[in-house]
Amino acid sequence: MDPRYARARANLNEAILRLCATRTPEDVSVSELTKTAGVSRGTFYAHASSPAELLAKCLLAEIHDFFPAIGQLLRASRENYLLRWREIYIELLEHIASHAEVYGHIFLDVPSSGTRGFFSDYFHQYLRRYVLDYVTYSGENNGELWIEMAAEQQVQNTFVIIRSWLQNEMKTSPEVAINTFMSLAAPWQFTKFDQPGTTLNRRRHAIEQLLHP
Numbered sequence: 001m002d003p004r005y006a007r008a009r010a011n012l013n014e015a016i017l018r019l020c021a022t023r024t025p026e027d028v029s030v031s032e033l034t035k036t037a038g039v040s041r042g043t044f045y046a047h048a049s050s051p052a053e054l055l056a057k058c059l060l061a062e063i064h065d066f067f068p069a070i071g072q073l074l075r076a077s078r079e080n081y082l083l084r085w086r087e088i089y090i091e092l093l094e095h096i097a098s099h100a101e102v103y104g105h106i107f108l109d110v111p112s113s114g115t116r117g118f119f120s121d122y123f124h125q126y127l128r129r130y131v132l133d134y135v136t137y138s139g140e141n142n143g144e145l146w147i148e149m150a151a152e153q154q155v156q157n158t159f160v161i162i163r164s165w166l167q168n169e170m171k172t173s174p175e176v177a178i179n180t181f182m183s184l185a186a187p188w189q190f191t192k193f194d195q196p197g198t199t200l201n202r203r204r205h206a207i208e209q210l211l212h213p
């Protein structure tokens with residue numbers, strides 16, 4: 001990456017995070033953002049089309065360090081994928097906590113920020129892979145409608161986890177928050193497999209074994 005481009009991006013990221021700690025990106029003007037970042041409008045538009053998109057790119061770049069692994073869980077280890085799934089979502093909440101004020105405006109303010117749309121598309125990309133692998137390894141005859149519903153369910157569940165934890169003022173640890181979600185999740189999501197990949201059991205026993213080995 002060109003050093004000048006990288007420097008401008010870093011300045012823009014710092015500025016958008018600072019400004020969006022007190023408001024949604026829709027309430028941040030391009031003029032205010034470029035002034036805070038010390039860059040021109042032309043430079044800003046070389047990085048994003050709007051403050052909402054810039055904020056999404058900034059935050060998703062951090063999430064991208066760990067979240068894509070969820071789309072490879074079943075390929076990597078069908079025996080231990082539930083533990084890794086839990087670790088990824090705990091890491092997601094740790095990331096949320098590091099930008100709590102910003103995420104509060106994205107997920108709790110009304111009307112909701114357009115930044116959420118970028119998150120929805122991002123999560124769907126990797127969670128759909130997770131669903132497709134589940135269908136492959138479970139051997140269940142699930143059609144395209146089931147796959148689309150399950151993928152969208154996973155996206156909305158991710159939003160529920162984030163919103164609920166923020167609404168609860170992050171009073172519990174990320175670990176407790178994810179354990180709570182796991183007690184509510186759809187049965188198929190916590191299927192356990194034997195080594196060849198055959199379905200062994202579902203939800204309750206799988207969760208109990210995971211949380212209380």
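Read in order, the letters of the sequence shown correspond to residues 1 to 213 in full-length UniProt numbering. By construction, the Cβ of each residue, glycine as well, lies at the ideal position given by its N, Cα and C atoms. Treat the numbers as computed from the prediction; the structure is a model and nothing was measured.
- Non-local beta-carbon contacts of Arg-128 in its own chain, meaning distances under 7 Å to residues more than five positions away in sequence, involve Ala-151 in chain order.
- Just so you know, the alpha carbons of Phe-66 and Lys-35 end up roughly 32 Å apart.
- Within the segment 21-87, the complete alpha helix (DSSP H) segments at least 4 residues long are 30-37, 41-45, 51-63 and 73-76, listed from N- to C-terminus.
- By the 16-neighbour rule on beta-carbons within 10 angstroms, Ala-6 is exposed.
- With a beta-carbon spacing of about 13 Å, Ala-52 and Ser-120 fall beyond the 8 Å limit used to define contacts.
- The beta carbons of Ala-37 and Asn-11 sit about 4 Å from each other, so the pair counts as a contact at 8 Å.
- The beta-carbon distance between Glu-101 and Ala-21, rounded to whole angstroms, is 4 Å. This is short enough to meet the 8 Å contact definition.
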